[in-house]
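Going by the numbering used here, the final residue of the sequence shown carries number 442, and the count climbs one at a time with no gaps. A virtual CB, placed ideally from N, CA and C, is assigned to each residue, including glycine. The block underneath contains the structure these notes are about, expressed in structure tokens.
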Amino acid sequence: MTTGLAIVGSGAAGLMAACVAGGITSDVVLLTDGGLGRSNSVMAQGGLHVPIDTPDGRRRMLLDMIAAGGPSLDQRLARRFIDEIVPTVDLLRSWGLALDVDDNGGIVRRLAGAMSEPRIVGTGDRIGPSVIRVLRSRLGQTGVSVTTGATVCGLSPVNSGLSIELTDGRRLRARTAIIATGGGTHHHAKLAGEPCTNPANRNFDMSAILSGLGIPTVDEGMYQWQPFGLLDAASGASRPCVPESVVGHGVRILDRDGAEVVAANAGRAEVTSAIKNAVDDGRGIRASNGEWGVWLTLTDVPERVLSNEFKHLAGILRRHDLTGRDVLVAPYLHYQLGGFKMFEDCSCVVPGLYLAGEVAGGVHGHGRLMGNGLTDSLVHGRRAALSAIDRLGGPVSGAGQ
Ligand SMILES: Cc1cc2nc3c(=O)[nH]c(=O)nc-3n(C[C@H](O)[C@H](O)[C@H](O)COP(=O)(O)OP(=O)(O)OC[C@H]3O[C@@H](n4cnc5c(N)ncnc54)[C@H](O)[C@@H]3O)c2cc1C
């Protein structure tokens, strides 16, 4: 097999890249190791982080990202990321993504931790399934050739392109490729024996291949926790959590004596370490699964808001007999902050190879703001596709990015 562009992975980054590239040329192959869209992306809950679309609005978002991400955040990457969010989300909306709107038809913006103003847009608490549904449907309108159950196990530069090896022995020659294989948090959590929000996956396996190609890493080994893991609903490997956007509804985090542990709308790292410290200091409460946590006062969220805006969460609470109660929470491993180094156009040190999504590092530094995970994957999926098409010689057929 030979192709102009091979895309590996069908989370938000890979599907977005395939939809954008497939709108320009049909010389695109999408390879993914499970079913189409099986990914961390489809699990996303709270929403997308979208700046107010003015120079000042984008500047405020950048300042919030720098405050959360610290010195290792790559400001050039972050600036370009922010600049491309609105066009990317507009594209998704033109393909059918219906964001929550208020009574006047304006897009609802919600608050999350360490945000100076409400910027989270979403579809209730089901942004992942909504985005993946729209992308799958759009992909069906392109000529992209999709191969599911295709696990990439080797990648090597060859004359004017890349050779891609699959575990079943097949090989594909591609002039350009986009790696969108996500983050290795599930693997890391398993090794560390820590609870994790990510479903079981083999995303981490790609790291050895990319390292073998000499692609440098940024903040290697750096992971982020989601502070609101729902202890009394923990079952199976992938564990549910309360979307962080509840912090806009006045929830509090309380220890066993009812004392506030930390402001719920502080940054993820701050909330995570305050909860862990409270538990270590003996101020925690034991949950039904035997683990220790602190109270998150979901009873502060009006019932009408919970049942309308947090339908998925409300369903989990119902199934575990937690409706109308405060819940016990503790941090779960959630997101890979470190990753492989990409440049602003998503290229890397290997000619013809592009990176997109959680597999790449640098955009968030040491602290990712809520909503910036899926958004990162979508923005860079689009950018990587445009860069790869450019390298192939520009638009070939069709239109629409
Ligand atoms: C429970 C949960 C809630 C979240 N909520 C939010 C939220 O509200 N807002 C937000 O912004 N972010 C959220 N995130 C984070 C966000 O979903 C992810 O960061 C983002 O979607 C990652 O997208 P991706 O496309 O880079 O990777 P993934 O979605 O992980 O996709 C990787 C793809 O690559 C495939 N793959 C891996 N290795 C190979 C291989 N060797 N060969 C072929 N295919 C391979 C995988 O099967 C998969 O299809 C959440 C994450 C979780 C787990």
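Check, Outcome
"contact_flag[the region 59-72, the region 418-427] where n(CB pairs < 8 Å) is 3 or more", "yes"
"Any 3 or more C-beta pairs closer than 8 Å across the region 246-259 and the region 396-405", "yes"
"Any non-hydrogen atom of ligand 1 within 8 Å of H229 CB", "no"
"Near ligand 1: C282 beta-carbon under 8 Å from a heavy atom", "yes"
"Distance between beta carbons of T258 and G379, contact taken as under 8 Å", "6 Å"
"Beta-carbon proximity check, V162 vs V70, cutoff 9 Å", "no"
"Beta-carbon contacts of A47 that lie in its chain and below 7 Å, excluding the five residues immediately before and after", "V70, L72, I205, L213, A215 and A218"
"G271 Cβ short of 8 Å to ligand 1 heavy atom set", "It should be noted that the sequence gives Leu, not Gly, for residue 271. L271: no, Cβ never under 8 Å from ligand 1."
"For C282, three-class secondary structure by DSSP", "strand"
"Assigned secondary structure, R359 (DSSP; H/G/I helix, E/B strand, else coil)", "helix"
"Cβ contact (3+ pairs, closer than 8 Å) linking the region 326-342 and the region 283-303", "yes"
"Cβ-heavy atom distance, N306 to ligand 1, below 8 Å", "no"
"Other residues of its chain near R120: CB distance less than 7 Å, five sequence neighbours each side excluded", "L103"
"Other residues of its chain near S197: CB distance less than 6 Å, five sequence neighbours each side excluded", "S204"
"Other residues of its chain near L138: CB distance less than 8 Å, five sequence neighbours each side excluded", "V130, T164, S171, V172 and V175"
"D6 CB to nearest heavy atom of ligand 1 below 8 Å", "Residue coverage of the chain in this structure runs from 42 to 442, which leaves residue 6 outside it and unanswerable."
"Continuous beta strand (DSSP E) stretch holding P372: start and end", "V368 to Q377"
"beta-carbon E443 near ligand 1 non-hydrogen atom, thresh 8 Å", "Residue 443 cannot be examined here, being either before or after the span of the chain that is shown, 42 to 442."
"First through last residue of the alpha helix (DSSP H) which encompasses Q116", "Q116 to D124"
"Cβ neighbour criterion (16 or more within 10 Å) applied to S157", "exposed"
"Cross-strand partners of W333 (DSSP beta bridge)", "R327"
"Local conformation of T66 per DSSP, three classes", "coil"
"Closer than 8 Å: C194 CB and nearest ligand 1 heavy atom", "yes"
"Under the three-state DSSP convention, the category E399 falls into", "coil"
"Closest residue to E125 among P112, R99 and G147 (Cα-Cα distance)", "R99"
"S51 and T189 closer than 9 Å at C-beta", "yes"
"Cβ-Cβ distance between D94 and V127 below 9 Å", "yes"
"Stretch pair the region 78-91 + the region 271-287: three plus CB contacts closer than 8 Å", "yes"
"Reference F351; option with closest CA among G331, G289 and V312", "G289"
"Own chain partners of G308 with C-beta closer than 7 Å, once the 5 adjacent residues on each side are dropped", "A109, G154, A155 and G408"
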